[in-house]
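Heads up, the sequence shown is in my numbering, so the first residue is 465 and it goes up one at a time.
Here a beta-carbon is modelled for each residue, glycine too, at the ideal position from N, C-alpha and C.
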Amino acid sequence: MGTEHSKDEGRRRMGFLRKGPKLPAWEDALLSGKEPKSLLKRGLRYVSLSLIMKGMTSTPDFLWGLPEVQKLNLSRNQLMVIPPALGKLDRLVVLNLGGNCLKSLPKEIGLLRNLKVLFLNMNCLSEVPAELSLCRKLEVLSLSHNCISQLPLSFADLTGLRKLNLSNNRFRQIPLCIFALRSLDFLHLGSNRLENIAESIQYLANLQIFIVENNNIRTLPRSLCFLTTLELLNVDYNTIQTLPDDLYLLRRLPRIAWNPMDKGLHIAHNPLNRPLPEVIEGGLDVLFSYLRERKEHH
């Protein structure tokens with residue numbers, strides 16, 4: 465009898481906690497009878513919630529009742545839609561939606577005015593809402609491994625953006641709005657369909673890492689040589705035949721680099737005209753001397 469009474473009491477307590485219709489089985493499993501707030505981790509700086517690899521096909525409704533969350537990780541699930549309710553989490557500083565099945569984003573993402581870091585990599589996005597440009601505090605944005613071919617012009621308003629990853633998409637040219645992002649120090653456009661680099665690249669005067677490997681780029685613009693803050697320039701796997709004479713101005717490039725993560729000039733797997741391949745074998749100093757002398761003789 466006592467056992468039956470305790471079971472009834474347990475059921476009533478669970479019903480009180482839920483305060484609504486029966487939860488889906490996977491959402492119920494996430495909570496395990498606990499209050500949603502119990503999933504939050506309160507660190508020294510941020511209140512965070514991690515729901516990585518939970519097999520979720522939709523976002524749990526209890527999320528939108530946790531406005532205090534500042535770091536939210538929903539990566540590596542099977543989410544197909546993010547509802548407009550996302551805008552309620554306006555204290556978010558870091559949001560990770562990578563590794564899902566998202567085809568679009570709600571315009572309410574623009575309400576996340578405190579957002580600094582956003583991961584949207586490895587989804588099925590073909591476009592990005594213009595409202596994202598309202599997140600003026602954004603510093604890090606990854607849109608890699610999607611199906612994006614253009615960005616809204618309003619992205620030019622993201623003037624605090626420092627790191628932008630657009631690799632493995634469908635860009636045929638560098639979006640014009642990017643040249644307004646003067647704070648960028650990291651720009652990754654590898655594995656797209658780029659055929660050139662616009663002369664406007666010179667406006668990214670703080671760029672330290674520029675990756676455009678595995679595209680269809682035929683020539684490097686002279687203006688690229690004015691990015692004297694560059695420490696890593698990766699143009700591997702393109703169709704480049706010659707190099708601009710002023711490349712020797714990039715004095716912060718420490719070496720000819722062969723390993724992907726090394727700083728330096730990555731120029732492998734291009735059909736360079738002779739004698740450039742032989743010159744490059746001598747190292748970066750030899751290449752720069754050759755280019756300087758070639759310029760003086762022109």
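- Is the Cβ-Cβ distance between Asn587 and Asn610 less than 7 Å? The residue given as residue 587 occupies position 123 in the sequence shown. The residue given as residue 610 occupies position 146 in the sequence shown. A contact, by the Cβ cut-off of 7 Å.
- Do the CB positions of Asp649 and Arg686 come within less than 7 Å of each other? By one-based count along the sequence shown, residue 649 stands at place 185. By one-based count along the sequence shown, residue 686 stands at place 222. For Asp649 and Arg686, no; Cβs fall outside 7 Å.
- Item | Stretch-stretch touch, CB-based, cutoff 8 Å, three pairs: the segment 609 to 623 with the segment 667 to 685 | Between the segment 609 to 623 and the segment 667 to 685 there are fewer than three inter-stretch CB-CB distances shorter than 8 Å, so the stretches are not counted as touching.
- Would you call His730 buried or exposed, if buried means 16 or more other Cβ atoms sit within 10 Å of its Cβ? Working through the sequence shown from its first residue, we reach residue 730 at position 266. So His730 ends up on the buried side.
- Query: Are the Cβ atoms of Leu589 and Ile612 separated by less than 7 Å?
  - Reply: Against the sequence shown, residue 589 aligns to sequence position 125. Against the sequence shown, residue 612 aligns to sequence position 148. In contact: Leu589 and Ile612 (Cβ atoms closer than 7 Å).
- Task: Using a threshold of 7 Å, state whether the C-beta atoms of Ser512 and Lys505 are closer than that.
- Result: Along the sequence shown, read from residue 1 onward, the residue named residue 512 stands at position 48. Along the sequence shown, read from residue 1 onward, the residue named residue 505 stands at position 41. Yes, they are a contact pair.
- Item | Range covered by the alpha helix (DSSP H) that runs through Val545 | Start at 1 with the first residue of the sequence shown, and residue 545 comes out as number 81. Looking at the DSSP string, Val545 is not in any alpha helix (DSSP H), and its letter there is neither H nor E.
- Nearest-angstrom Cα distance between Pro593 and Gly507? Stepping through the sequence shown from its first residue, residue 593 is reached at position 129. Stepping through the sequence shown from its first residue, residue 507 is reached at position 43. About 32 Å.
- Whole-angstrom distance between Ala549 and Pro531, CA atom to CA atom: Numbered from its first residue, the sequence shown carries residue 531 at position 67. Numbered from its first residue, the sequence shown carries residue 549 at position 85. The straight-line gap from Cα to Cα measures roughly 11 Å.
- Return the chain-ordered list of same chain residues with a C-beta closer than 8 Å to the C-beta of Thr706, the five sequence neighbours on each side being excluded. Stepping through the sequence shown from its first residue, residue 706 is reached at position 242. Answer for Thr706: Thr683, Leu736, Asn737 and Leu740, listed in chain order.
- Message: Could you tell me which whole beta strand (DSSP E) segments of length 3 or greater appear in the segment 635 to 686?
- Response: 650 to 652 and 673 to 675
- Query: Should Leu596 and Ile573 be called a contact, given that it needs their Cβ atoms to be closer than 7 Å?
  - Reply: Reading the sequence shown from its first residue, position 132 is the one you call residue 596. Reading the sequence shown from its first residue, position 109 is the one you call residue 573. Contact: yes.
- Query: Within 10 angstroms of its Cβ, does Glu677 collect 16 or more other Cβ (buried), or is it exposed?
  - Reply: Taking the sequence shown and counting its residues from 1, one reaches residue 677 at position 213. Buried, since its Cβ has 16 or more Cβ neighbours within 10 Å.
- Pairwise C-alpha distance: Tyr712 and Ser753: To locate residue 753, count along the sequence shown from 1; it is residue 289. To locate residue 712, count along the sequence shown from 1; it is residue 248. Approximately 8 Å between the Cα atoms of the pair.
- Beta-ladder partner(s) of Val581, from DSSP: Taking the sequence shown and counting its residues from 1, one reaches residue 581 at position 117. The partner list for Val581 (beta bridge, DSSP) reads Val558 and Val604.
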